[in-house]
Every structure is written in structure tokens, then in C-alpha cells.
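Chains A and B are the protein sequences, given in the same order. Just so you know, this note's numbering puts the end of the first sequence at 276, numbered straight through with nothing missing. Just so you know, this note's numbering puts the end of the second sequence at 1257, numbered straight through with nothing missing. Glycine is no exception: its CB is placed at the ideal position from the N, C-alpha and C atoms.
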Amino acid sequence: MNAEAHPRTGDTFVELEGVTLTYGRGERQIVALGETNLRIDEGDFVALVGPSGCGKSTILKLVTGLITASTGYVYVAGREVGAAPVRVGMAFQNPTMLPWLTVRDNVMMPLKIVPPFRQEYQSKKKSEFRDRADALLKEVGLAGFGDKHPWQLSGGMLQRASLCRALIHEPQLLMLDEPFGALDQFTREELWAVMQALWLKLKPTVILVTHDLKEAGYLATRICVMRSRPGQIIDDAPVPFARPRTIDMSYTPEFVSMTQRLRELIVAARPVKEIA
Amino acid sequence: MEQGLRRRLWSAVFIVGFFLLWEAFCWAFHISDIVLPKPSQIIVTLMTRMPALWPHTVQTLYTTLVGFALGILAGVALGVIVGSSRLAYDVAYPLLIGFASIPKVAVVPIFVLWFGSGAVPAILTAMIMSLFPIVVNVATGLATTEPELEDVMKALRASKLDILWNVGLPRTMPYFFASLKVAVTLAFVGTVISETVASNRGIGNVMMIASSNFDVPLVFAGLIILAIMGVALYAVFSLIEARITGWAHRKDEFAMG
């Protein structure tokens, strides 16, 4: 790799250095993200939690390069965001499947776009890539659903497919923006287990935005708490529990006291309510 | 299926009923053929004059289809440009709306001035008539693509062309086909306007001559031919639409859980 103006060293994969983000100008200026510094190691699983509007999703968008920081620098894989050919996977609260494609074709979409798969897409889409999509679908419990269209699946199934799409191209960086937020409790817990298994197997660097403290505790190796107006990271703590974690673990006193501590931090960080 | 058959039967009954009512109305009030001919008489005129009408029918259909095809090409190209760029949208929209507000009959003489009378101005009129709904619908389809869909693609570092090809255009197909159904009927209007003003062939021309001879049944026969062709092409594009964009009109019975 070439020597860069700001070379990064060590195992740090994502780094935010003095990053701020503001919208608008003058008096109507809104600070979406106050000065933020954050380092994420390669293969780490970081959860961002905090009240609504605290800039959690903003950090995701900055790291994927969907928006540009007003000041400061965002580095991914040792180079400024967008410069290094990093494969990124993304899943949102809304499964955002393309309704005209089958579930399998939806899952294979990243292979059609991202190099080096892109060059081989036409020749391998009916053999190797197809098998790969089917194998991944099987892992999330969607074996045999590849030929269905998205509207034929339930919300939980679509979210599983959406996870497959985020992972099919073996991303080094996985961005999860409340991917389990719209699901019922049981489906959610099932998908946490699926997500954990996939992460342990593929070891991408993950940033998870969530409102669910139990989810953060179950999945993440590290939890960052944010406050709003301006968005800022106010707490950053590792999650010490052993892997693979289970739902039962979330009822242990240690786990409960951890989520309680996080909860108090977030309640205190909420902006003062305007309506009494 | 039983339900569908019954629905079709009823709609056929009412359509036939409409013409019967028309017939009865003319009989009851002794309405002259010069004012409103009876449907039975229009049918007789159609039968007896068909050999003479046929070449004109073919001419009008041909002109309309060529104009419509050109309208699709230009409309999609313009729609893609207008729908994918903010600046193009701001520039083109006022122009397009202004242009769409112009009565097309006022444009025909200009075309005749440029290209002479005959098929060319008719083709061009059909084209500009069908252009507007296609441009608007394609542009709307592209401009309303969900930002999250685009974000998924952008996070994969997809180029603008990748996004257009894989997300924008397929997503726009239902809008596009919906516009084709409207546009094809407008294309007929365009052709006939131009044939009426400046041509010596086509159904429009036949109707023009017939009405100046007070041959009202023939005028109505021309109208019926136009209506039949319009309905037929509308049906063709509805069928194509259903085949290609079935995902947008999915049936509830397919859904699970």
C-alpha cells in the first residue's frame, strides 16, 4: 500500500478523528454530531446506543462514505474513507429488498456490483454464486426460499434475507442500522443468535446501531453510549461476557446490572423534554 | 375464476346495453341520421365502406405506431435525464409543462410548414402527444426511488449507472407501462388531428371529408374504428404491463404469514 498523508498503524480498522457534522448555516445551523473520536479494531463488534436523534446513524453514514464530515477525518483500513477498496455490507431496519427480483437475486446483488465478484458475475451467477447465496440463505433458516419474491415472505424472513445480502460479498465492514428493530421479540432473539454465529464465522468489523440494550449486550464486544444535541459519545465500555452468548445469559445479574447502567446513562443523556 | 367470469359477463352486458340504449333513443325521438346515426346504421356503413376505409385504417395505425415508438424513445431518454438530475428536473419541468399546455392542433401547421403535408407531420404530432406522459412518469419513477435502496447500492460503491440500471429503471417500469397505456391513446389523437388538418390519407382525413359531405354515419364509422384501435392497443399494453411488472400488482393470496 502506498504511503498516505495520514498513515494509520496497528489493528485499528475504523477511526474517527475530531469528526463533526453540521447541517445548514448561520442561526439555523444544526449540529448533528459534536466532536467525535472513535477507534474500532479490526474484527470488533461495536454497538452504538443512545436516545433518538443522537447521531448514531450519522456515524454509520460517515463510515460508509454516504455523507462527508464537516470537519475532522474518517479513516477506514488506514486510508481516508472511500480511498481504500473496502467491501462494505449494510442492513437497515427496513429490509429494502428489490421487489422485482427473487430473494436469491436480491441476496446476490452485491456480487453483481462489487469487485472482484463483479467481473465474474455473468459466468458464475448460475453456479458458484448461486450456491453461495443458497448456502447463506440456509444458514439464516431460509433454505428453499430463494425462488420466492420478497412480498411472499414475512417481515422476519425478509430481514434474514437482508442480512444475507449484507454478508454475501464477505464484507470487511458490516453496518447494521437497527436491523432487528421492527421485529417481534422472539424473531429478534432468534436473529441475534444467527447474527452472532455469522459474525463468529466471518469476523467482519461490525457497527450496530440499536435502541435495544439487551441486543447490544448480546451481540457487541463493546458498547458506545451517545447523547443528543449535539450527538457525542459519552461512554465506551467493553462487554465482558464469553461467546457464544445465549438468551439465558441476558438474565444473569451481571448482564442485568450492565444494561441498567447503560439505561441510566441514556435516560440522563436525553434532551430535556419540551412538553411537560 | 367463477367470480372473474361473472364480472366480465356483466361488463359485456352493460357495454352492449349502452349501444342498445343509444339505438332505442334514436328510434324513440326520431333523431335524424345527420345529427346522430343509429349504431345499427354505423355498423352497416362500416361493413359496406370497409374496402374503402381499410387502407386509411392501416395508414392511421401505421402513423400512430411509428409516432408512438419515437415518443417512447424520446420520452424514456428525456425522462431518465429529468429524473436523475436535480438541475435537469428544474430546467426541463417548466419547459415540458409549458409545451404540454400548447394545443397540439396549433403545432400541426408548423410541422406542415417544415415537412410538407402527409405522414411526417402526423407522425411527429403523434410523437409529441405521447411524449409528455411518458417523460413525466419515467422521471417521477426515478425521482421517487427510496433513498434507502440507493444507500444500499452506494455503500457497495455502485456507480450512478449501476444504480440506474439495477434499481432506478426496474423500479420505474410500472410507472412507464402505466404511461404507455395513456400515451398510446394520445398518439391516436395526435395522428387524427394532423390527418384532419393536413393529409390526404388516414381516418382523420376520411372523417374530415365525410363531415363536409354531411355523411355523418361515415364520420361515426371512422370514430368507431379509432375507438376500436385505441382499445386494442390499450389492451396490448395492459397485457405487456401485467407480464413485465407483475411484482408491482402482486396478489394478496401469494403473501404468507
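Self-check item: Pro238 of chain A in three-state terms, based on DSSP
Solution: Residue state, collapsed to three classes: strand.
Self-check item: Residue-level contact to chain A via CB, Asp1033 of chain B, 8 Å cutoff
Solution: no
Quiz item: Would Ala1122 of chain B pass as a contact of Gly1202 of chain B if the rule is Cβ separation under 8 Å?
Solution: yes
Quiz item: Which residue comes first and which comes last in the alpha helix (DSSP H) that contains Val1091 of chain B?
Solution: Run containing Val1091 of chain B: Arg1086 to Ser1101, per the alpha helix (DSSP H) assignment.
Self-check item: Spatial distance of Val1206 of chain B from Val1219 of chain B (CA atoms)
Solution: Val1206 of chain B and Val1219 of chain B have their C-alpha atoms spaced approximately 8 Å apart.
Quiz item: For Asn94 of chain A, which residues in chain B fall below 9 Å Cβ to Cβ?
Solution: Neighbours of Asn94 of chain A in chain B, taken as residues at a C-beta separation under 9 Å, are given in chain order as Glu1146 and Glu1148.
Quiz prompt | C-alpha gap between Met1047 of chain B and Val107 of chain A, whole angstroms | solution = Rounded to the nearest whole angstrom, the CA to CA distance from Met1047 of chain B to Val107 of chain A is 59 Å.
Practice problem: With 8 Å as the threshold, decide whether the Cβ of Thr64 of chain A is near any Cβ in chain B. | Solution: Answer yes: the Cβ-Cβ gap between Thr64 of chain A and chain B drops below 8 Å somewhere.
Quiz item: If you pair each beta-carbon of the segment 1015-1023 of chain B with each one of the segment 1150-1162 of chain B, do three or more pairs fall below 8 Å?
Solution: Contact annotation: the segment 1015-1023 of chain B does not touch the segment 1150-1162 of chain B, with fewer than three C-beta pairs closer than 8 Å.
Quiz item: Which of helix, strand or coil does DSSP assign to Leu262 of chain A?
Solution: helix
Self-check item: Whole-angstrom C-beta distance between Met1153 of chain B and Ile113 of chain A, which should lie under 8 Å
Solution: 7 Å
Quiz item: Whose C-beta lies closer than 7 Å to the C-beta of Thr1063 of chain B among residues of the same chain, with five residues either side of it excluded?
Solution: Ala1119, Ala1122, Ile1123, Ala1126, Thr1191 and Gly1202
Quiz item: In its own chain, which residues sit with a C-beta less than 6 Å from the C-beta of Leu173 of chain A, not counting the 5 before and 5 after it?
Solution: Val86, Val88 and Thr205
Practice problem: Determine the contact status of Leu48 of chain A and Ile59 of chain A, defining contact as a CB-CB distance below 8 Å. | Solution: Yes, Cβ-Cβ distance for Leu48 of chain A and Ile59 of chain A is below 8 Å.
Practice problem: Would you kindly work out how many angstroms separate the C-alpha atoms of Ser1130 of chain B and Gly1075 of chain B, rounded to a whole number? | Solution: If you take the alpha carbons of Ser1130 of chain B and Gly1075 of chain B, they lie about 8 Å apart.
Self-check item: Contact set between the segment 1152-1178 of chain B and chain A, restricted to residues whose Cβ is under 8 Å from the partner
Solution: Val1152, Met1153, Lys1154, Ala1155, Leu1156, Arg1157, Ala1158, Asp1162, Asn1166, Val1167, Pro1170, Arg1171 and Met1173
Practice problem: Would you mind stating whether Val103 of chain A and Gly146 of chain A have Cβ atoms separated by less than 8 Å? | Solution: yes
Quiz prompt | Close-in-space but distant-in-sequence residues of the same chain around Ala269 of chain A (CB under 8 Å, 5 per side omitted) | solution = Gly50, Pro51, Cys54, Val225, Met226, Arg227, Ser228 and Ile234
Practice problem: Might you give, ordered along the chain, the residues of its own chain that have their beta carbon closer than 8 Å to the beta carbon of Phe241 of chain A, omitting 5 neighbours on each side? | Solution: Excluding positions up to five away in sequence, the list reads Gly217, Met249, Glu254 and Phe255.
Practice problem: Would you be able to state if there are at least three C-beta pairs under 8 Å between the segment 88-98 of chain A and the segment 1028-1037 of chain B? | Solution: no
Quiz item: What residues are listed by DSSP as bridge partners for Met1207 of chain B?
Solution: Looking at the DSSP assignment, Met1207 of chain B forms no beta bridge with any residue, so it has no partner.
Quiz item: Just checking my contact of Val24 of chain A with Pro230 of chain A at CB under 8 Å: how many whole Å lie between their CB atoms?
Solution: Per the sequence shown, residue 24 of chain A should be read as Gly rather than Val. About 13 Å; that fails the 8 Å criterion.
Practice problem: Determine the closest residue to Met258 of chain A out of A:Asp236, A:Arg243 and A:Pro244, with distance taken between C-alpha atoms. | Solution: A:Asp236
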